[in-house]
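Residue numbers (full-length UniProt numbering): 1 to 197.
What follows is one structure encoded as structure tokens, with my remarks underneath.
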């Protein structure tokens, strides 16, 4: 609903807008730019929701753990953490990642849009524990061994920056969101307010 409202508002403006979003507001910025890239001049994502593929995990005793950082590399992320990796609702991935016709098959806490054909099935984006080539830190990325990496062509022509404050807990993993976007063919800058100023 937020994405549609923002896209509708952007359509009333005379020029493309610069979207500035914090946390889930950054998520809506990704969605609006994906939905209507011609209406977005740039995105400033301040500590966006993330990282892709995980918000929590199951520990060795089977207890579900939700933490604001990457899980232990030996514990896989929960499959319900943002099925579209940046978002809970579909984005225009190429090749597509589709939702199921039966919403009971959706991962818990995910959303469905009503304009997807009912005969299409959700195809989760495979992931693997990897290393961000820039920071050399661990993060989950698309598994290139399981088929082509999905790209986000609608976001490619829009300037983007992810901003992280030095005292924020998000400094430990915003790089993973940037790594995911770059792997999806989306140029994006990472601005760490401690290191870059």
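Heads up, the beta-carbon is just placed ideally off N, CA and C, and yes, glycines get one too.
Does DSSP classify residue 125 as helix, strand or coil? coil
What whole-angstrom Cβ distance do residue 191 and residue 175 have, given they're in contact under 8 Å? Incorrect: roughly 11 Å between the Cβ atoms, too far for contact.
Taking the beta strand (DSSP E) that residue 44 belongs to, which residues open and close that run? 40–48
Quick one: residues in its chain with C-beta nearer than 7 Å to the C-beta of residue 178, no 5 flanking neighbours on either side, listed in chain order? 162, 188, 190
To the nearest angstrom, how far is the alpha carbon of residue 139 from that of residue 153? 22 Å
Is it true that the CB of residue 159 sits closer than 8 Å to the CB of residue 33? no
By a C-beta neighbour count over all protein chains shown, 10 Å radius and 16 as the cutoff for buried, is residue 131 buried or exposed? Exposed, since its Cβ has fewer than 16 Cβ neighbours within 10 Å.
Do you know offhand how far residue 19's Cα is from residue 182's? 19 Å
In chain order, what residues of the same chain have a beta carbon less than 6 Å from the beta carbon of residue 50, not counting five sequence neighbours either side? Same-chain partners within the cutoff: 177.
Would residue 145 be called buried (16 or more neighbouring beta carbons within 10 Å of its own) or exposed? exposed
In chain order, what residues of the same chain have a beta carbon less than 7 Å from the beta carbon of residue 150, not counting five sequence neighbours either side? 93, 94, 95, 97, 125, 142, 184
Would you mind listing the alpha helix (DSSP H) stretches within the region 165–190 that are 4+ residues and don't spill past its ends, in chain order? 174–183
Starting from the C-beta of residue 14, find all residues in its chain whose C-beta is less than 7 Å away, skip the five residues before and the five after it, and write them out in chain order. none
DSSP three-state label for residue 36, please. Coil, per DSSP.
Given a cut-off of 8 Å, decide if residue 86 and residue 200 are closer than it, judged by their beta-carbon atoms. Residue numbering for the chain in the displayed model covers 1 to 197; residue 200 lies beyond these limits and cannot be assessed.
Burial state of residue 88 (16 or more Cβ within 10 Å): buried
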